[in-house]
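Just below is one structure, and these are the notes that go with it.
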Amino acid sequence: MATRKPRGSGHSSSRRTPKAGQKGGPFSGADYDRTLGPVKSVQKSQRSASASARRGSARAQHTPDGQRLQKVMAAAGVASRRVCEDLITEGRVEVNGVLVTELGTRVDPTTAEIVVDGIRVHTNPETVYYAFNKPRGVISTMHDPEGRRCVADYVETTDQRLFHIGRLDNETEGLLLLTNDGELANRMSHPSYEIAKTYLVQVRGPLAKGVGAQLRAGVEVEEDGIVSVDSFRVVDSTPGHVLCEITLHSGQNRIVRRMMKAVGYPVERLVRVAHGPIVLGDQRQGTLRVLNQQEIGHLMAEVGL
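Taking my numbering, the leading residue of the sequence shown gets 908, the next gets one more, and so forth.
The structure is reproduced here in structure tokens:
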């Protein structure tokens, strides 16, 4: 099926960066309120050592018919062009694994791998990354032959194919990542990368003492053997109901529902609130949100891209 554009969300996709001459760090501005921080801390002494070790190869990253590096960075929403120039001269930018400190460097934005403070910058306009807040009753596919509501009903058609990263069953709500980046989608979905998922789970209460310890130790689930959660905590409780938060790496079909049933607490409502480094936050149900540069960079780092 064709790739889709967002029909609407609670967040603007336009990039807001400081004006030329203003101070501002990379990935600053109102569009980057979902702050994840650097993928890795880069100390000044480490940057200096790296610079002396790799500066001799910087010219190899120069593409004469490409665009100026600072222009590409600014267009991608890293910061204003002037701030991007400072980032380059301060030794905080790598292109294809090589530190670049010369402002005259030109790159091809569709192929260059640009990293700022450990965060990979998304510069290819052909690749898209969305967070979708899936409502209950929506099928996690881009097409349903039976005509049921599916993800495609919430996006507008373009000429690119869109993949969903993992699935949510029909009754589960919350975060579903969408992209046309096949390599990222494959890695995020592969069990060897052990990507964490966090859910809010509503069950009938009260909850017996020791249920959390039982889930952390592992419970036997039919066809999948012993499965455990990474973390479990009670978020809230009201007469007759308990709201819990569960984080786990397992990606088996309906695993949270089956685990809770195994310990005697069938799920009443289930919402995925985080997938790897991406969080649902206050995004409205049924909307798409364009992931920002930090989020894309952290997704890439999560699977070694």
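Even for Gly, the Cβ is constructed at its ideal location relative to N, Cα and C. As the structure is a computational prediction, the values presented were derived from the model and not from experiment.
Item	Value
Nearest to residue 1033 by CA position, among 1025, 1054, 1069, 1048, is which residue?	1069
Report the option in 1031, 1137, 1060, 1165 whose CA atom is closest to the CA atom of residue 1110.	1165
Using 8 Å for Cβ pairs, my map puts residue 1180 next to residue 1081. What's the rounded Cβ distance?	6 Å
In chain order, what residues of the same chain have a beta carbon less than 7 Å from the beta carbon of residue 1096, not counting five sequence neighbours either side?	1072, 1073
Pull up the distance between the alpha-carbon of residue 1089 and that of residue 1122, whole angstroms please.	33 Å
In whole angstroms, what separates the C-alpha of residue 1161 from that of residue 1085?	20 Å
If residue 1200 and residue 1007 are in contact, beta carbons under 8 Å, what's the gap, nearest whole angstrom?	So it is not a contact: roughly 18 Å between Cβ atoms.
Any idea if residue 1133 is buried or exposed, counting beta-carbon neighbours within 10 angstroms, 16 or more meaning buried?	exposed
Return the chain-ordered list of same chain residues with a C-beta closer than 6 Å to the C-beta of residue 1094, the five sequence neighbours on each side being excluded.	1100, 1210
On the three-state DSSP scale, how would you describe residue 1116?	coil
Tell me the DSSP bridge mates of residue 1081?	1041, 1179
Suppose contacts are defined by Cβ-Cβ distances below 7 Å. Is residue 1013 in contact with residue 1079 by that definition?	no
Go ahead and pull the three-state DSSP assignment for residue 1162.	helix
Who are the near neighbours of residue 1105 in its chain, counting only those whose CB is closer than 6 Å to its CB and skipping five residues on each side?	1154, 1180, 1181
Count the other C-beta atoms from every protein chain shown that fall within 10 angstroms of the C-beta of residue 1177, then say buried if there are 16 or more, exposed otherwise.	buried
Are residue 1163 and residue 1150 close, meaning C-beta to C-beta below 7 Å?	no
Using the rule of at least 16 other Cβ atoms within 10 Å of the residue's Cβ for burial, across every protein chain shown, is residue 1244 buried or exposed?	The displayed coordinates of the chain run from 908 to 1212. Any statement about residue 1244 would go beyond what the structure contains.
Please list the terminal residues of the continuous beta strand (DSSP E) segment that includes residue 1147.	Residue 1147 -> no beta strand (DSSP E), and no H or E assigned at all.
Please classify residue 1113 as buried or exposed, where buried requires at least 16 other C-beta atoms within 10 Å of its C-beta.	exposed
Rank 978, 1016, 1023, 988 by C-alpha distance to the C-alpha of residue 1204 and give the top, closest one.	1023
Less than 7 Å between the C-beta atoms of residue 1042 and residue 1193, yes or no?	yes
Quickly, what does DSSP pair residue 1104 with across the bridge? List them, please.	1155, 1182
Just verifying my parser: in three-state terms, what is the DSSP assignment at residue 1172?	coil
When the Cα of residue 977 is compared with those of 1159, 1030, 1129, which residue comes out closest?	1030
Using the C-alpha atoms, what's the distance from residue 1061 back to residue 1075?	15 Å
Do residue 1195 and residue 1037 have their C-beta atoms within less than 7 Å of each other?	yes
Indicate whether residue 1045 and residue 1021 have their beta-carbon atoms separated by less than 7 Å.	no
Kindly list the residues whose CB is nearer than 6 Å to the CB of residue 1156, restricted to its own chain and excluding five residues on each side of it in sequence; keep chain order.	1101, 1103
On the CB-based measure, 16 or more other CB atoms within 10 Å of its CB, does residue 1202 come out buried or exposed?	buried
Below 6 Å CB to CB, which residues in the same chain sit around residue 965 once its five sequence neighbours on both sides are set aside?	With a pLDDT of 49 at residue 965, under the threshold of 50, the modelled position of this residue cannot be trusted; read the value that follows with caution. These residues qualify, in order along the chain: 1005, 1007.
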